[in-house]
Amino acid sequence: MIKMPDDLVETARLVGYTPIAINEDKLASLAKSWGKAEGVYKAMVDTPMKASGTVWDPTTTWERGNDRPLDAFTEFYENYPRKHFHTVAAQGRAVAGALNNIAGIIANHKTAAYKTLKVAKDVLSRGGHMLGGAYHTVLFFHIHGESESDVETDSAAIRTAMDSLKKLNQHTQDLIDAQVKIITSATKALDRVSDNATKTTGALPGGAEYVKTAPDGYQFWVESGGR
Amino acid sequence: MTNDPDMLRKTGDAVMRGVDDVYLDNQDDLLAVTSPYYPDSYTEFASDKDTRTQNFSQSYSHLSYSLFRVDQILTINERLEIRDCLDKMAKIFAATEDENKRDVFDVKLPSRLDA
Chain U
7 MIKMPDDLVE TARLVGYTPI AINEDKLASL AKSWGKAEGV YKAMVDTPMK
57 ASGTVWDPTT TWERGNDRPL DAFTEFYENY PRKHFHTVAA QGRAVAGALN
107 NIAGIIANHK TAAYKTLKVA KDVLSRGGHM LGGAYHTVLF FHIHGESESD
157 VETDSAAIRT AMDSLKKLNQ HTQDLIDAQV KIITSATKAL DRVSDNATKT
207 TGALPGGAEY VKTAPDGYQF WVESGGR
Chain R
-19 MTNDPDMLRK TGDAVMRGVD DVYLDNQDDL LAVTSPYYPD SYTEFASDKD
31 TRTQNFSQSY SHLSYSLFRV DQILTINERL EIRDCLDKMA KIFAATEDEN
81 KRDVFDVKLP SRLDA
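Top line first, the protein sequences correspond to chains U and R.
Letter by letter, the first sequence follows residues 7 to 233 of the numbering used here.
Letter by letter, the second sequence follows residues -19 to 95 of the numbering used here.
Take a look at the structure:
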């Protein structure tokens, strides 16, 4: 994780910049997990079909097309869990990509922000007043022991830093929000799978015995805006 | 016409065990992405009042909760249902000698399965 150098903390405070708290390394490793989850959800529905003695690999004389109940079951299995697991797997890939992109956006933001702060700090610390009381009042033009030109250079440096950090913040937010759209549509796809799976399972004979809809509080949470 | 409860039992076992095997091999990775993040509890990505990242934090919380939910339905509820259905089928097969009198396993699927 890119950390803000300790000697820039004071400059950041002065120009009103708040560092981003999210750890980009954590995001990148989470992206890896989502990437692996894609494979897991794909495998989940294929693994049972590899076992022998099942309807998929019969060791008896059963043949597909001669037994209506078994045909119905295999058709059901093909159509329902397989399809749903593949939809979930597809979201895994999309989310992994979005998380990786956000990790990159945050890393770029941090690098650019600290560079801007460093430039401002270098200008402001020319006279060695960086940590003195005068430094903190520089915005109000009450600088003791500084010449007029120093004051102008200092406030220009602060204004420049404030401007570019403001632009950087907005740019970062826009970039992240574009990735958020991918995450939101993945969420919607997963919710649709949940709803369809609940309906399908409920259609099984004696169905819905085990079907639980959303866990307690979930619906309320979604309705209140997911916050 | 086969009357093969053994095949049905093996199919049910494979459905149950197959998912367990995949899960065991990938426990850590799945745990990282299926843990539900409640909005009122601590999350790794909490970014209150940080406008740059709060949309992401909120949407990610929602996403991981949705995956948790779909995972529960697909890997737990669905397996239990399938296991149950196969047991029922085996019983119907065993109890009914006349093929024409056997209940068939007709599943009426919802009209729209595409996600």
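The C-beta atom is built at its ideal place from N, Cα and C for all residues, glycine as well.
Query                                                                                                                        : Result
Proximal chain R residues relative to D183(U), where beta-carbon distance stays under 7 Å                                    : N35
Any chain U beta carbon closer than 8 Å to S15(R)                                                                            : no
Anticipated Cβ contact below 8 Å, L174(U) with A118(U), distance rounded                                                     : 6 Å
Helix, strand or coil at Y120(U) [DSSP, three-state]                                                                         : helix
Contact the stretch 26 to 39 of chain U vs the stretch 84 to 96 of chain U: 3+ CB pairs below 8 Å                            : no
Beta-carbon spacing of R59(R), V13(R) below 8 Å                                                                              : no
Chain U contact for S21(R) (CB, 8 Å cutoff)                                                                                  : Because S21(R) carries a pLDDT of 46, less than 50, the predicted location of this residue cannot be relied on, and the following value inherits that uncertainty. Not an interface residue.
For S39(R) and I189(U), believed in contact at Cβ under 8 Å, the rounded distance                                            : 5 Å
Range of the contiguous alpha helix (DSSP H) that encloses G(-8)(R)                                                          : P(-15) to D5
Beta-carbon contacts of Y47(U) that lie in its chain and below 7 Å, excluding the five residues immediately before and after : F91, V94, A95 and G98
Assumed close pair L105(U), A37(U) - CB separation to whole angstroms, cut-off 8 Å                                           : 4 Å
Contact with chain R by M50(U), beta-carbon distance below 8 Å                                                               : yes
Pairwise C-alpha distance: S161(U) and L11(R)                                                                                : 51 Å
Beta carbon of I164(U) nearer than 8 Å to that of V15(U)                                                                     : no
Rounded distance between the beta-carbons of Y120(U) and T206(U), thought under 8 Å                                          : Incorrect: roughly 52 Å between the Cβ atoms, too far for contact.
Span separating the alpha-carbon of I62(R) from that of W62(U)                                                               : 15 Å
C-alpha distance - V245(U) paired with L4(R), whole-angstrom precision                                                       : With chain U covering only 7 through 233, there is no way to say anything about residue 245(U).
Buried/exposed call for D13(U), threshold 16 Cβ in 10 Å                                                                      : exposed
Contact check, K191(U) vs V50(R), beta carbons under 8 Å                                                                     : Looking at the sequence provided, one finds Ser at residue 191(U) rather than Lys. No. Outside cutoff.
Residue-level contact to chain U via CB, K(-10)(R), 8 Å cutoff                                                               : yes
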